[in-house]
Amino acid sequence: MEKVVSNAGVVGEKEFWNEIFETGHSVYEVIRIINGTALFCEDHFERLLVSSQLGNFNFRMEFSEFQTHISELISQNQKLNGNVKFLFSETEHQNYWVFSFIPHNYPTSEAYLHGVNTDLLFIERENPNAKLIQNSVRFEADQMIAERNLYEILLVDRHHKITEGSRSNVFFVKDEVFYTAHDTQVLPGITRQKIIVCLKKLGFEVIEVAVAASEISQFEAAFLTGTSPKVLPIRSIGNQKFKTQLPSVQKLMNMYDQMIEEYLKRT
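Here the sequence shown is numbered in the working numbering, starting from 450 and rising by one per residue.
Following this line, the structure appears as structure tokens:
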């Protein structure tokens, strides 16, 4: 049984905490652990603070304490790689926080080479800038992913614009120009932020505008970004096919991997 680190006893059972957080008002973060290092931990913590403010949570924790609890979780479980989820939940009687390792689905080398299948779901997140538990969106997306054997679902808003993935951000590419929805329309993913930095370093133009669902055929390529997928080419959105080995996207994938390596070396 995997252990968790929490504020109600240093180590608790994961199933116990799942029950608590299903009933509370919750904010969360997911951080990738590589060789015992929490990748871009500072950025995740800053986003957690923003999400807490947007969701009106009474969250109080210093970054040093946040880091210490992650280190303790790694030590307790003797796991140097994986995804760690932090949850802060407000219930009627008490506030709870917990760190736990969660199942992850890292893409295979074949997926990075040939891309993954996705489709569209007409649904919107409430307060998209905050990383909040929204069970209705998660349930519909997971159901569609399972029924159609997809890797991810892309969310379409009331204006018929593609905003983001259910667990990721999405970019489209045309003539070496990269398009992604504006910060105000999405959860500003940590990987997304790093990708925009990489693209600008590579000299590519980035336009922050959501692509219309009816216009995806105009683009050569599309890809997902996120904690688990990193930069993952999309093979299809419904029946629309895309190139999965576009040179500009390959350059981006390589630069992002270099950014990760540099972070791990200096941390």
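From the three backbone atoms N, C-alpha and C, an ideal C-beta is built for every residue, glycine too. Keep in mind that this is a model prediction, so the values were computed, not measured.
Residues bridged to residue i [DSSP beta-bridge criterion]
i: VAL619; result: LEU673
i: ALA538; result: According to the sequence as given, residue 538 is Ser; it is not Ala. DSSP lists SER475 and TYR545 as partners of SER538.
i: LEU603; result: LEU569 and GLY614
i: VAL681; result: Val is not the amino acid found at residue 681; the sequence shown has Leu there. LEU673.
i: ILE551; result: ASN532
i: LYS692; result: Looking at the DSSP assignment, LYS692 forms no beta bridge with any residue, so it has no partner.
i: GLU654; result: VAL626
i: GLU686; result: Residue 686 is actually Ile in this sequence, not Glu. Answer is THR567 and GLN689, bridged to ILE686.
Short Cβ contact (7 Å threshold) for residue i with residue j
i: ILE523; j: GLY485; result: yes
i: PHE627; j: LEU604; result: no
i: ILE482; j: ASN530; result: yes
i: LEU536; j: THR567; result: no
i: GLN689; j: ALA659; result: no
i: PRO678; j: PRO552; result: no
i: GLU625; j: PHE653; result: yes
i: PHE672; j: VAL698; result: yes
i: HIS542; j: VAL454; result: no
i: THR674; j: ARG641; result: yes
i: GLY506; j: VAL547; result: The residue you asked about is not Gly; residue 506 is Phe in the sequence shown. In this structure, VAL547 does not lie closer than 7 Å to PHE506 by Cβ.
i: PHE512; j: SER501; result: no
i: PHE550; j: VAL533; result: yes
i: SER615; j: ALA590; result: yes
i: LYS452; j: GLN525; result: yes
Residue i (DSSP reduced to helix, strand or coil)
i: GLN720; result: Residue 720 is absent from the model: the chain starts at 450 and stops at 716.
i: GLU625; result: coil
i: ARG481; result: strand
i: THR517; result: helix
i: ALA630; result: coil
i: THR716; result: coil
i: THR486; result: strand
i: VAL635; result: coil
i: ARG587; result: helix
i: ASN718; result: This structure cannot speak to residue 718, because the chain is shown only from 450 to 716.
i: ASN703; result: helix
i: ARG641; result: helix
The beta strand (DSSP E) enclosing residue i, as first and last residue numbers
i: SER455; result: 452-455
Limits of the unbroken alpha helix (DSSP H) element including residue i
i: VAL499; result: 490-503
i: ILE665; result: Looking at the DSSP string, ILE665 is not in any alpha helix (DSSP H), and its letter there is neither H nor E.
i: HIS609; result: Segment: none, HIS609 is in no alpha helix (DSSP H) and carries neither H nor E.
i: GLU511; result: Counting along the chain, GLU511 falls outside any alpha helix (DSSP H), and DSSP gives it neither H nor E.
i: ALA560; result: 558-563
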